[in-house]
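Trainee: Structure in structure tokens, see below.
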Ligand SMILES: [Zn+2]
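Right, here's the structure in full:
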């Protein structure tokens, strides 16, 4: 799956001379293969050297991969990525909640190793922490979480081929769960969520420098237009965000290798 990256040098040039609409300016992004390291090296379409460490948490990148898979017509892949994004979102929140409770990173990582073997255990840990901090249970039925799990299992384990409408509905449900839960959690552990995000980025940088992939001053970078996370108007809906993603990518689809 490809992800779209915008070049910091292009953006700097644009700011000096903003002669066209920013959305149009960014419509020709650098296409990269989504990778586990979150580190990208290459050249943008205007031949600037691109060396970047992604600043987004894993769940945001996975959702983006799912959203792009949907746009390109890969519905099974879209559901698989969005479902995994949701699991990693719960992981991200669990670490933020632990951080809020003063748990050290090494201890949290050790605990997660045991939980990570089964998704039910991960969910149990998250529910319990959510209740402890927000004093109210996580609204499982409000977000139709069980329906999402059933659909995911049918698609991934039983080989069911989802329809385009069904896939879009799944993505929308996952989006709304992540978006709304993030808002609720931010009121209680917003600083810790930011800290976990920065820590994840710094660990990527350390690993990439150790492997000799990037120089020590490689910038951190946000991807072109992020459906989950990123900067949005407060009331921008899922449909509006997907339309923007479509407009930005309909051009680059034609030049995909
Ligand atoms: Zn550039």
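Numbering (the working numbering), first residue to last: 118 to 374.
Yeah, the Cβ is synthetic: ideal placement off N, Cα and C, and Gly gets one too.
Computed from a predicted structure; not experimentally measured.
Does the beta carbon of residue 365 fall short of 6 Å from some heavy atom of ligand 1?
Mentor: Answer for residue 365: no, Cβ out of range of ligand 1.
Trainee: May I have all residues whose beta carbon comes closer than 6 Å to any heavy atom of ligand 1, sorted in chain order?
Mentor: The answer, residue by residue, is 124, 126, 127, 161, 163, 165.
Trainee: On the three-state DSSP scale, how would you describe residue 335?
Mentor: Reduced to three states, the DSSP call for residue 335 is coil.
Trainee: Tell me the DSSP secondary structure of residue 342 in three-state form.
Mentor: Of the three classes helix, strand and coil, the one that applies to residue 342 here is coil, per DSSP.
Trainee: Alpha carbon to alpha carbon, how far is residue 260 from residue 293?
Mentor: About 8 Å.
Trainee: Assuming the contact rule is C-beta atoms closer than 8 Å, residue 122 and residue 157 should be a hit. Round their C-beta distance to whole Å, please.
Mentor: Right, the Cβ-Cβ distance comes to about 6 Å (below 8 Å), so this counts as a contact.
Trainee: Check whether the Cβ atoms of residue 184 and residue 344 sit closer than 7 Å, and answer yes or no.
Mentor: Contact flag set, yes.
Trainee: Would you identify the three-state DSSP class for residue 127, choosing helix, strand or coil?
Mentor: Correct three-state label for residue 127: helix.
Trainee: Leaving out five residues before and five after residue 248 in sequence, what residues of the same chain have Cβ atoms less than 8 Å from its Cβ?
Mentor: Once the five neighbours on either side are set aside, the close Cβ partners of residue 248 are 254, 255.
Trainee: Can you give me the C-alpha to C-alpha distance between residue 193 and residue 278, rounded to a whole angstrom?
Mentor: Their backbone Cα atoms lie some 6 Å apart in a straight line.
Trainee: Restricting to Cα atoms, I'd like to know which of 320, 289, 238 is closest to residue 174.
Mentor: Closest by alpha carbon: 320.
Trainee: Look up residue 156 in the DSSP assignment and say whether it is helix, strand or coil.
Mentor: Residue 156 falls in the strand class under three-state DSSP.
Trainee: Please confirm if residue 295 has its CB atom under 7 Å from at least one CB of chain D.
Mentor: The structure shown has no chain D; it contains just one protein chain.
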